[in-house]
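Data block below; observations after.
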Amino acid sequence: MHDYIFSIEMEVRDYEIDSEGIVNNANYLHYLEHTRHAFCRHAGFSFEQMQQRGIIPVLNRVEIDYKTPLRSGDTMVSSLWIELQGVRFIFHQDIFNKATGKMAVSAVVSCVCLEGGRLSRGEAIAEAFKDFLQS
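Residues in the sequence shown are numbered from 1 upward in steps of one, following the numbering used here.
Written out as structure tokens, the structure reads:
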């Protein structure tokens, strides 16, 4: 088990609910993405800064296990830890219902970097995230 390096709280909004009264599965992708973007800002290398330097992070794989549904008004805690595997940055992300502590989602998100339109080793991001990378 790895320790989370970043967490953020978010509230489920009414328009994210489907006809069954639970968060629509596609909205979890948004929660996960919001968490990664907030982490990048926290680590001191925002997506805007990456783009200014010609670095474009691109997802190449997302795996999501849906565990326990969230409902309107629930507060969630979205947490992650990150590792580097070759040229891929692997984000291990979990979302929990804050009130119950139950896991809503567990995900593994893989990202590669393009620089000048070509796959790169992501050295600038690895340098920015060096204090956060786990092995």
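Cβ coordinates follow ideal geometry from the N, Cα and C atoms, glycine included. If you're wondering where the values come from, they're calculated on a predicted model, not measured in any experiment.
Given a cut-off of 8 Å on the beta-carbon distance, is the pair residue 9 and residue 98 in contact? yes
Selection from 131, 133, 23 that minimises the alpha carbon distance to residue 74: 23
How would you write the range of the alpha helix (DSSP H) that residue 39 sits in, first residue to last? 27-43
Buried or exposed, going by whether 16 or more other CB atoms sit within 10 Å of the CB of residue 105? buried
Indicate whether residue 133 and residue 83 have their beta-carbon atoms separated by less than 8 Å. yes
Close beta carbons around residue 7, own chain, < 6 Å, minus the five adjacent residues each side: 77, 79
Unbroken stretches of the alpha helix (DSSP H), 4 residues or longer, contained in the stretch 48-132: 123-128
Measuring CB to CB, does residue 93 end up less than 8 Å from residue 29? no
For residue 7, the residue or residues it bridges with in DSSP: 79
Which residues DSSP lists as bridging residue 23, in chain order: 17
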